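Here is the structure we will look at.
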Amino acid sequence: MTPTLPAKERLILELLIAHGALYGLELVDRSSGALKRGTVYVTLGRMEAKGFVTSEREDLPEGAIGLPRRHYRTTGFGERALRAWSMLAAELRLEVQS
Amino acid sequence: MTRQADGAVPGHGLLRLVRLVFDDDAIDKILEPALADLQRAVSAAGTRRAWVLVREHAAFWKLVVVALTMPGAGAGAPLTAVLLGRHSAGSLLLLVPVLYAALSWMFLGFVTGSIAAGILLSFALASWNRRHPTEVACSRRLTAGKDPEINISSVPVGGDIGGFFFVAASSAVVLLGVPGLRVFVIAAVMVGLLVAWARVAWIRAQGEPYVNHVVGR
Numbered sequence: 000m001t002p003t004l005p006a007k008e009r010l011i012l013e014l015l016i017a018h019g020a021l022y023g024l025e026l027v028d029r030s031s032g033a034l035k036r037g038t039v040y041v042t043l044g045r046m047e048a049k050g051f052v053t054s055e056r057e058d059l060p061e062g063a064i065g066l067p068r069r070h071y072r073t074t075g076f077g078e079r080a081l082r083a084w085s086m087l088a089a090e091l092r093l094e095v096q097s
Numbered sequence: 000m001t002r003q004a005d006g007a008v009p010g011h012g013l014l015r016l017v018r019l020v021f022d023d024d025a026i027d028k029i030l031e032p033a034l035a036d037l038q039r040a041v042s043a044a045g046t047r048r049a050w051v052l053v054r055e056h057a058a059f060w061k062l063v064v065v066a067l068t069m070p071g072a073g074a075g076a077p078l079t080a081v082l083l084g085r086h087s088a089g090s091l092l093l094l095v096p097v098l099y100a101a102l103s104w105m106f107l108g109f110v111t112g113s114i115a116a117g118i119l120l121s122f123a124l125a126s127w128n129r130r131h132p133t134e135v136a137c138s139r140r141l142t143a144g145k146d147p148e149i150n151i152s153s154v155p156v157g158g159d160i161g162g163f164f165f166v167a168a169s170s171a172v173v174l175l176g177v178p179g180l181r182v183f184v185i186a187a188v189m190v191g192l193l194v195a196w197a198r199v200a201w202i203r204a205q206g207e208p209y210v211n212h213v214v215g216r
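These protein sequence lines are chains Y and S, in that order.
Residues in the first sequence are numbered from 0 upward in steps of one, following numbering that gives the first Met the number 0.
Residues in the second sequence are numbered from 0 upward in steps of one, following numbering that gives the first Met the number 0.
See the structure below:
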């Protein structure tokens with residue numbers, strides 16, 4: 000199956016490349032409203048299934064009661080997919096303008 | 000996060016609830032991180048705790064609905080799988096009430112119309128029966144011990160007034176339920192009247208007396 004790269008997934012990849020590993024909520028905060036709290040984990044889950052990002056649980060300090068968050072970071076495949084997409088988009092833009 | 004008594008930490012009940020529906024992967028990758036966000040947001044809310052609780056729960060339930068229903072959303076869309084019949088008997092048990100809940104509003108007019116038309120029809124039949132006690136709503140094949148008047152299949156619905164009531168009430172029920180058929184029914188009535196007029200005119204043109212068998216009963 001050919002991997003696709005919708006706008007939200009592109010944005011997540013760009014944010015993760017720019018800021019390094021982030022939690023889901025941090026991605027929402029840095030997206031200027033483009034990512035929503037109600038769907039960001041669905042998008043991240045889909046991206047993980049495609050191999051664009053990986054995640055791991057945070058280590059909670061001893062005695063902590065809350066649930067662990069997940070840290071997300073890009074994979075090499077995700078970065079290559081974003082680069083390829085950006086190049087394609089730039090070429091298409093030039094094609095349209097000429 | 001501030002340490003609190005276990006019962007005071009929001010999200011544990013929700014986690015138990017979603018564990019009943021989603022598999023471990025969906026819990027691990029999608030729902031648990033969202034609940035972790037909910038817990039942190041609430042514990043950092045301070046005086047705005049009530050508002051933050053509402054906002055966070057709304058976001059969480061939106062996530063649950065998306066994960067339940069969207070194939071490819073990363074959670075396997077268990078509700079969609081059930082509705083598509085991938086869980087045999089369980090699918091049917093859920094499908095019937097879901098379909099009923101989703102479609103019942105569409106039949107509200109039809110059901111209301113059926114009840115109203117049924118009541119009107121019963122009054123009309125009773126009224127006719129009082130005035131013509133020997134003719135209407137009385138089975139021609141009466142059998143002892145049975146009351147044909149409460150059995151619609153025993154009411155003669157040929158070319159008599161009972162048939163007219165039956166057709167008129169049925170048409171009214173269908174028209175109330177499916178308003179889009181109004182033009183068709185009006186056109187059909189007009190064409191029917193035209194054909195009837197043409198038939199009477201043709202019979203009279205032949206020099207034969209026209210006998211209305213319905214009125215003549």
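The C-beta atom is built at its ideal place from N, Cα and C for all residues, glycine as well.
Everything numeric in this text was worked out from a predicted model, so none of it was measured.
Exposure label - residue i; buried when at least 16 CB within 10 Å
i         : result
Met105(S) : exposed
Phe183(S) : exposed
Asp36(S)  : buried
Met189(S) : exposed
Val135(S) : For Val135(S), the pLDDT reaches just 49, beneath the cut-off of 50, and the residue's location in the model is therefore unreliable, although a value from the coordinates is still provided. With 16 or more other Cβ atoms within 10 Å, it is buried.
Met46(Y)  : buried
Tyr40(Y)  : buried
Ser42(S)  : buried
Glu8(Y)   : buried
Gly45(S)  : exposed
Glu94(Y)  : exposed
Glu61(Y)  : exposed
Glu90(Y)  : exposed
Gly179(S) : exposed
Val8(S)   : buried
Phe164(S) : buried
Candidates the options: closest to residue i by CA position
i         : options                                       : result
Ala33(Y)  : Leu10(Y), Glu90(Y) and Glu78(Y)               : Leu10(Y)
Ala25(S)  : Val65(S), Gln205(S), Arg39(S) and Gly176(S)   : Val65(S)
Arg69(Y)  : Ser42(S), Ile29(S) and Leu13(S)               : Ile29(S)
Leu24(Y)  : Thr38(Y), Ile16(Y), Ala17(Y) and Glu13(Y)     : Thr38(Y)
Arg72(Y)  : Gln96(Y), Leu14(Y) and Ala6(Y)                : Leu14(Y)
Val20(S)  : Leu67(S), Arg47(S), Arg198(S) and Leu62(S)    : Leu67(S)
Thr74(Y)  : Asp58(Y), Lys35(Y) and Phe51(Y)               : Phe51(Y)
Val63(S)  : Arg92(Y), Tyr22(Y) and Arg36(Y)               : Arg36(Y)
Leu175(S) : Gly112(S), Leu52(S) and Val194(S)             : Gly112(S)
Thr42(Y)  : Ile202(S), Ala33(S), Val177(S) and Ser103(S)  : Ala33(S)
Ile64(Y)  : Gln38(S), Ile202(S), Val199(S) and Val51(S)   : Gln38(S)
Val166(S) : Asn128(S), Ala125(S), Gly117(S) and Val199(S) : Gly117(S)
Ser170(S) : Ala115(S), Leu14(S) and Pro208(S)             : Ala115(S)
Cutoff 9 Å: residue i Cβ touching any chain S Cβ
i        : result
Arg9(Y)  : no
Leu81(Y) : no
Leu12(Y) : no
Gly50(Y) : no
Val5(Y)  : A small fix is needed here, since residue 5(Y) is Pro in this sequence, not Val. It does not; no Cβ of chain S falls within 9 Å.
Leu87(Y) : no
Leu91(Y) : no
Ile64(Y) : yes
Leu24(Y) : yes
Thr38(Y) : yes
Leu43(Y) : yes
CB contact below 9 Å: residue i versus chain Y
i         : result
Phe165(S) : no
Phe122(S) : no
Phe18(S)  : For the sequence presented, residue 18(S) should be read as Arg rather than Phe. Chain Y contact via Cβ: absent.
Asp36(S)  : yes
Arg39(S)  : yes
Ala25(S)  : yes
Phe59(S)  : yes
Val8(S)   : yes
Val53(S)  : no
Ala66(S)  : yes
For residue i, three-class secondary structure by DSSP
i         : result
Tyr22(Y)  : strand
Tyr209(S) : coil
Val110(S) : helix
Ser54(Y)  : strand
Pro32(S)  : helix
Gly10(S)  : coil
Glu61(Y)  : coil
Phe21(S)  : coil
Val172(S) : helix
Gly117(S) : helix
His131(S) : coil
Gly32(Y)  : coil
Val177(S) : coil
Leu66(Y)  : coil
Ser97(Y)  : coil
Leu4(Y)   : coil
Beta strand (DSSP E) segment containing residue i, residue limits
i        : result
His70(Y) : Arg69 to Thr73
Boundaries (first-last residue) of the alpha helix (DSSP H) holding residue i
i         : result
Phe183(S) : Arg181 to Ala204
Ala44(S)  : From DSSP, Ala44(S) is part of no alpha helix (DSSP H); its letter is neither H nor E.
Ala48(Y)  : Val39 to Lys49
Check: residue i C-beta below 8 Å from any heavy atom of the ligand ATP
i        : result
Val95(Y) : As for the ligand ATP, it is missing from this structure, which has no ligand bound.
Any C-beta of chain A under 9 Å from that of residue i
i        : result
Ala44(S) : Note that chain A does not occur in the displayed structure, where the protein chains are Y and S.
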